[in-house]
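J.: Sending over a structure as structure tokens; questions will come in a sec.
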Amino acid sequence: MHLLKSPLLPIILMLFLFSISTNSYALNGEKYVVNKASAENFPLASKGKVASILISNNDYPGVLRVAGHLENDLFKVTSLHPKQINTISEASDYVVIIGTIGKSEIIDQLVRDGKIDASQLKGKWEKFTTQIVDNPSGGIKKALVIAGSDKRGTIYGMYDLSNQVGISPWYFWADVPVKKQSELHVLSGTHSNGEPKVKYRGIFINDEAPALSGWAFDTYGGFNAKFYDKVFELILRMKGNYLWPSMWGRMFYVDDPQNAVLADEYGIVMGTSHHEPLTRAHAEWAKLGKGKWDFSTNSENLISFWKEGMKRMGNTETIVTLGMRGDGDEPMTQGTAIDLLENIVKTQREIIKETTKKPIEETPQMWALYKEVQDYYDKGMRVPDDITLLLCDDNWGNIRKLPELNAKPRKGGYGIYYHFDYVGGPRNYKWINTNQIERTWEQMDLAYQHGVDKIWIVNVGDIKPMEFPTEFFLDMAWNPEKWNAGNLDQYYTQWAKENFDNQNTEEIAEIIKLYTKYNSRRKPELMNEKTYSITNYNEAETVLADYKILVDKANAINEKIKPEYKDAFYQLVLFPVLASANLNELYVATAKNKLYASQGRASANAYAKQVKELFQKDSLLTNYYHTKLANGKWNHMMAQTHIGYTSWQEPKNNVIPETKTIELPNKAEAGIATEGSENWWPNTATEAVLPTFNSAENKSYFIDIFNRGTIPFDFKITSKENWIKFSKAKGKINSEERILVSIDWKKATKNDAKSQFTVSANNQNFTIIVNTKNIDLSEIKGFVENNGFISIEAPNYSKAINSEVKWTIIPNNGKTESGLTLKPSNIKPIEISEQSPRLEYEVHFFSKGEVKVHAYFSPTINFTIRDGLKYGIGFDTDRPQIMNLNADSSDKNWNMSVANNIKIITSSHTIANGGNHTLKFYGIDSALVLQKIVIETASGEILKTYLGPPESFQKK
Numbered sequence: 000m001h002l003l004k005s006p007l008l009p010i011i012l013m014l015f016l017f018s019i020s021t022n023s024y025a026l027n028g029e030k031y032v033v034n035k036a037s038a039e040n041f042p043l044a045s046k047g048k049v050a051s052i053l054i055s056n057n058d059y060p061g062v063l064r065v066a067g068h069l070e071n072d073l074f075k076v077t078s079l080h081p082k083q084i085n086t087i088s089e090a091s092d093y094v095v096i097i098g099t100i101g102k103s104e105i106i107d108q109l110v111r112d113g114k115i116d117a118s119q120l121k122g123k124w125e126k127f128t129t130q131i132v133d134n135p136s137g138g139i140k141k142a143l144v145i146a147g148s149d150k151r152g153t154i155y156g157m158y159d160l161s162n163q164v165g166i167s168p169w170y171f172w173a174d175v176p177v178k179k180q181s182e183l184h185v186l187s188g189t190h191s192n193g194e195p196k197v198k199y200r201g202i203f204i205n206d207e208a209p210a211l212s213g214w215a216f217d218t219y220g221g222f223n224a225k226f227y228d229k230v231f232e233l234i235l236r237m238k239g240n241y242l243w244p245s246m247w248g249r250m251f252y253v254d255d256p257q258n259a260v261l262a263d264e265y266g267i268v269m270g271t272s273h274h275e276p277l278t279r280a281h282a283e284w285a286k287l288g289k290g291k292w293d294f295s296t297n298s299e300n301l302i303s304f305w306k307e308g309m310k311r312m313g314n315t316e317t318i319v320t321l322g323m324r325g326d327g328d329e330p331m332t333q334g335t336a337i338d339l340l341e342n343i344v345k346t347q348r349e350i351i352k353e354t355t356k357k358p359i360e361e362t363p364q365m366w367a368l369y370k371e372v373q374d375y376y377d378k379g380m381r382v383p384d385d386i387t388l389l390l391c392d393d394n395w396g397n398i399r400k401l402p403e404l405n406a407k408p409r410k411g412g413y414g415i416y417y418h419f420d421y422v423g424g425p426r427n428y429k430w431i432n433t434n435q436i437e438r439t440w441e442q443m444d445l446a447y448q449h450g451v452d453k454i455w456i457v458n459v460g461d462i463k464p465m466e467f468p469t470e471f472f473l474d475m476a477w478n479p480e481k482w483n484a485g486n487l488d489q490y491y492t493q494w495a496k497e498n499f500d501n502q503n504t505e506e507i508a509e510i511i512k513l514y515t516k517y518n519s520r521r522k523p524e525l526m527n528e529k530t531y532s533i534t535n536y537n538e539a540e541t542v543l544a545d546y547k548i549l550v551d552k553a554n555a556i557n558e559k560i561k562p563e564y565k566d567a568f569y570q571l572v573l574f575p576v577l578a579s580a581n582l583n584e585l586y587v588a589t590a591k592n593k594l595y596a597s598q599g600r601a602s603a604n605a606y607a608k609q610v611k612e613l614f615q616k617d618s619l620l621t622n623y624y625h626t627k628l629a630n631g632k633w634n635h636m637m638a639q640t641h642i643g644y645t646s647w648q649e650p651k652n653n654v655i656p657e658t659k660t661i662e663l664p665n666k667a668e669a670g671i672a673t674e675g676s677e678n679w680w681p682n683t684a685t686e687a688v689l690p691t692f693n694s695a696e697n698k699s700y701f702i703d704i705f706n707r708g709t710i711p712f713d714f715k716i717t718s719k720e721n722w723i724k725f726s727k728a729k730g731k732i733n734s735e736e737r738i739l740v741s742i743d744w745k746k747a748t749k750n751d752a753k754s755q756f757t758v759s760a761n762n763q764n765f766t767i768i769v770n771t772k773n774i775d776l777s778e779i780k781g782f783v784e785n786n787g788f789i790s791i792e793a794p795n796y797s798k799a800i801n802s803e804v805k806w807t808i809i810p811n812n813g814k815t816e817s818g819l820t821l822k823p824s825n826i827k828p829i830e831i832s833e834q835s836p837r838l839e840y841e842v843h844f845f846s847k848g849e850v851k852v853h854a855y856f857s858p859t860i861n862f863t864i865r866d867g868l869k870y871g872i873g874f875d876t877d878r879p880q881i882m883n884l885n886a887d888s889s890d891k892n893w894n895m896s897v898a899n900n901i902k903i904i905t906s907s908h909t910i911a912n913g914g915n916h917t918l919k920f921y922g923i924d925s926a927l928v929l930q931k932i933v934i935e936t937a938s939g940e941i942l943k944t945y946l947g948p949p950e951s952f953q954k955k
């Protein structure tokens, strides 16, 4: 932010900024480094010279180390080497002064001289100020002073300046290039990001084999200080401060003792995962422990083991994990007594107090309510008030527990352990980014509004390819109040602008936004040939078409983007799009092969061949990532298997989907299939009927004419009705052809009609029934029934009634369009009344009788002590039914909800008469996120699809 004295100055400055070139953009603060000189600005680099860097040798070693990073960053940008000096007497003209208040005598002298305001920094947490000081000392014309309230504050100030001059946090981890600039000028004013709203903000490197582990051993020889040097730097450049290190067979403190030394130097707060108490990695027990991992029978050895961990910790900044799970991150023995776990925590705290020789409250501690441990808490287990309660999601991005709104404040506060990656049921997901920042924002905003602000940590797997959501998570953690449903779009564009030098910014932002949306619908590891329907509502074809649009856009950008950006673009945009599109195409081709083989279609064999080609393409994309990208820098990084899962655990290798090749007779043999059915004719005795045509929707439907032999045949389509139109009325079938059928509504029979057309092929005649509704829309309001349903995307309501809480659209959130929720979230359940918040959807029925309303929600978990999260629903003046999102909390239901990434709740209603009606959705609990409503009418059955039927026509 800028602290500006004159009320006119912001306006002048804004006009000034519009008139100058700015070649980079800071995601987390206002732009304060520009390319044009002025008398008020500080010339960081100008006319072939770069300012010297003045820093006291008495400052923290980590500050001195990062000052070296800043020097290197300035050299990368300007090709000029800044000179580092350590005493003010060496300085002249223009100098960058860097230091920590109370640690740097240079900064402290500026405070005493009244050159900088110490009150902005003293007692603050991780804050920096960057400002221009005129004539700070003899011989110095101007100084740019970066002052920190503490070690990390100063480090953040330096990295913030690096970001301002165009160094992305991902310059190493995603090869984002550095743009050369000869003129760098810092605007006047005091620049600061303030203090973070969340105290500890970090990542967990987990599930890191075979990808990250293979790369780390190839590149650095293991998870040693050379590796962690890059990790610590990345975390700090993103303004994080906390790390749970790699733990799959790894021992952070043992593998390389310099790991802990370097973490302390950088100011990284270390921790261990939820099941690794008192800083001891689980692998340490396997290597060094004695006896069973069982406190009830082996407490003496465990206590000795934990004491060594505390002694080793010393005075380094650490959040100590308390508690205990079973061996290997499994639940403890069935029926574990709460008093045993309470005794474990008590013993662990005695160890901490004894070894640190400090009051127990002075050592940060956390207890993770992970999986079954939360059950102990729910049954009454409590820990002392100074311990941070680390609440958790369900490993799939849905928070399980939050503090009650009337809960007493805890000295230790609350944290959240969140997931972008997971190993476990219902299926591992590790291969590629499937995380929508919209859902992350919605869940973490929910947590923040419930007072969770001590720790935010996220499982990022191998770090790559979770670059985008990881940076968003840490940015949001710094200031959760900065991002809201209305400006999340800007995060995509700002991130694209920062990392790709404002090339194709809007297009890249859109690609990232949509590929993560499409991937989040179902984790790739969960996909198979049954995921998307190839017969109903054109679902599979639409999914592939949407991916193809992204592929075409990404390839087009790749052709014209500056060559030095191609590696970064491949990692951050092109590969996830190409690989994800290919995988979806692979499974759709598999589905077609299996269905068409059962129908005897000649094309079945072509799809079997296509499956092999697509499977090979997946390996070729991975091979390019490993061997060609950045000259082979990222070998192993995409080695995670993702095709051929049969259980929650990954297959050893990718397994090609099973296909079927059929023997074709040496003759011509015709077959017909219609949209909405897996049947084919003449094999089926029932009539061939297309879905009902509706003049309001004006859709076309397809028939497939296919060959079951090797010899081509001719076909011809005829009808007595001149208003039934065909994309092709005659021709020759070698393998198959899809014919689109549509209606000329100006000529069609009014109201409801039943007609037909005939397909003549290979001396056979096939009759296809056509039902039409030529509707008079003059008296119709809202969404119109057709084919037995009305489908509505949640944001497309007719009317929204708000109260002290507001209906808020979360754009792009969810499987199809957007999500709709109530904000703010920190409110008690609302009692339904005429004035209470509700949504109204105008609908028009042609049928009457019982209808079912299927409400599609994000799979939010009941994080309260109540019996569930609720809403009301009803038609017209009917008394609303109260529905509970969490009525079925069984493991089976949870598995289905997270696998499908949707939760569907069904209510039954009676419609006395057809015509116009109003569906009313009443808000009760604010945390519900409504995505879609599908009304199933008495006259029909909804065809099976993964995304639900497409939205119905709406008469506005």
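Just so you know, the sequence shown maps onto residues 0 to 955 in numbering that gives the first Met the number 0. Glycine is no exception: its CB is placed at the ideal position from the N, C-alpha and C atoms.
Distance, Cα to Cα, ALA210 vs TYR624?
T.: So the two alpha carbons sit approximately 12 Å from each other.
J.: Could you tell me the distance, in whole angstroms, from the CA atom of LEU868 to the CA atom of LEU927?
T.: 7 Å
J.: Which stretch, first to last residue, makes up the beta strand (DSSP E) that contains MET365?
T.: 364-367
J.: One question on the structure: do SER790 and SER889 come within less than 7 Å of each other, judged by their Cβ atoms?
T.: no
J.: May I have the straight-line CA-CA distance separating ASP500 from TYR564, to the nearest angstrom?
T.: Cα to Cα, ASP500 sits roughly 9 Å from TYR564.
J.: Going by C-alpha to C-alpha distance, which of PRO828, THR936, LYS75, HIS184 sits closest to VAL783?
T.: THR936
J.: Determine the contact status of GLY239 and ARG200, defining contact as a CB-CB distance below 7 Å.
T.: In this structure, ARG200 lies closer than 7 Å to GLY239 by Cβ.
J.: How do the stretch 175-182 and the stretch 239-255 stand: do at least 3 beta-carbon pairs fall below 8 Å, yes or no?
T.: no
J.: Leaving out the 5 sequence neighbours to the left and right, which residues in its chain are closer than 6 Å to THR21 when beta-carbon positions are compared?
T.: The pLDDT assigned to THR21 is 39, lower than 50, so where the model puts this residue is not dependable, and the model offers no usable value.
J.: Relative to the C-alpha of GLN373, which residue among PHE294, HIS273, GLU662, GLN442 is closest?
T.: HIS273
J.: Less than 7 Å between C-beta atoms, sequence neighbours within five positions excluded: which residues of the same chain meet that for ASN535?
T.: GLY675, LEU942, LYS943, THR944
J.: Let me know if ALA1040 comes out buried or exposed under the rule of 16 or more other beta-carbons within 10 Å of its beta-carbon.
T.: This structure cannot speak to residue 1040, because the chain is shown only from 0 to 955.
J.: Go to LEU918, then tell me how far its beta strand (DSSP E) extends in each direction, as first and last residue.
T.: 914-922
J.: THR541: which of ASN811, LEU946, THR660, ILE350 sits nearest, CA to CA?
T.: LEU946
J.: For LYS410, which residues of its own chain have a beta-carbon under 8 Å away from its beta-carbon, when the five flanking residues on both sides are left out?
T.: The answer, listed in chain order, is GLU360, ASP384, ASP385.
J.: Distance, Cα to Cα, ALA588 vs ASN885?
T.: In this model, ALA588 and ASN885 are separated by some 37 Å (Cα to Cα).
J.: Could you tell me which uninterrupted alpha helix (DSSP H) segments, each at least 4 residues in length, are contained entirely in the stretch 113-180, listed from first to last along the chain?
T.: 150-163
J.: For the structure I just gave you, are there three or more beta carbon pairs, one from the stretch 803-814 and one from the stretch 751-762, closer than 8 Å?
T.: no
J.: Measure the alpha-carbon distance for VAL185 versus VAL451 and round it to whole angstroms.
T.: If you take the alpha carbons of VAL185 and VAL451, they lie about 36 Å apart.
J.: Alpha carbons only, please: which of ASN483, THR504, TRP482 is nearest the one belonging to THR492?
T.: THR504
J.: Keeping to the same chain, check which residues put their C-beta closer than 6 Å to that of MET465; ignore five residues upstream and five downstream.
T.: Apart from the 5 residues on each side of it in sequence, MET465 sits with its Cβ closer than 6 Å to the Cβ of PHE419, ASN432, VAL459 in its chain, given in chain order.
J.: Compare the Cα-Cα distances from ASP92 to each of LEU143, ILE774, LEU620 and report the closest residue.
T.: Ranking the options by Cα distance to ASP92, first place goes to LEU143.
J.: Can you round the beta-carbon distance between PRO858 and SER896 to whole angstroms, since I take them to be within the 8 Å contact cut?
T.: 4 Å
J.: Return helix, strand or coil for HIS908, following the three-state DSSP convention.
T.: strand
J.: DSSP three-state call for TRP680: helix, strand or coil?
T.: DSSP places TRP680 in strand when its eight states are reduced to three.
J.: Assess, as a yes-or-no matter, whether the stretch 472-481 is touched by the stretch 511-521 under the definition of 3 or more beta carbon pairs within less than 8 Å.
T.: no
J.: Please list the terminal residues of the continuous beta strand (DSSP E) segment that includes ASN764.
T.: 763-773
J.: Note down, in chain order, each residue of its chain lying with its Cβ closer than 6 Å to the Cβ of SER23, except the 5 sequence neighbours on either side.
T.: At SER23 the pLDDT is 41, less than 50, meaning the model places this residue with poor confidence and gives no usable figure here.
J.: On the three-state DSSP scale, how would you describe PRO244?
T.: coil
J.: Pop quiz: ASN812 and GLN435 are said to be a contact at Cβ under 8 Å. What is the actual Cβ separation, rounded to whole angstroms?
T.: 6 Å
J.: Do you know how far the Cα of GLU275 is from the Cα of PRO949?
T.: 47 Å
J.: Are ASN786 and THR905 close, meaning C-beta to C-beta below 7 Å?
T.: no
J.: Alpha carbon to alpha carbon, what distance is there between PHE614 and ILE642?
T.: 9 Å
J.: Is LEU582 closer than 7 Å to PRO523 when the C-beta atoms are compared?
T.: yes
J.: Tell me whether the beta-carbon of TYR1005 lies closer than 7 Å to the beta-carbon of ALA539.
T.: What is shown of the chain runs 0 to 955, which leaves residue 1005 out entirely.
J.: Is there contact between the stretch 73-91 and the stretch 51-59, where contact requires at least three CB pairs shorter than 8 Å?
T.: yes
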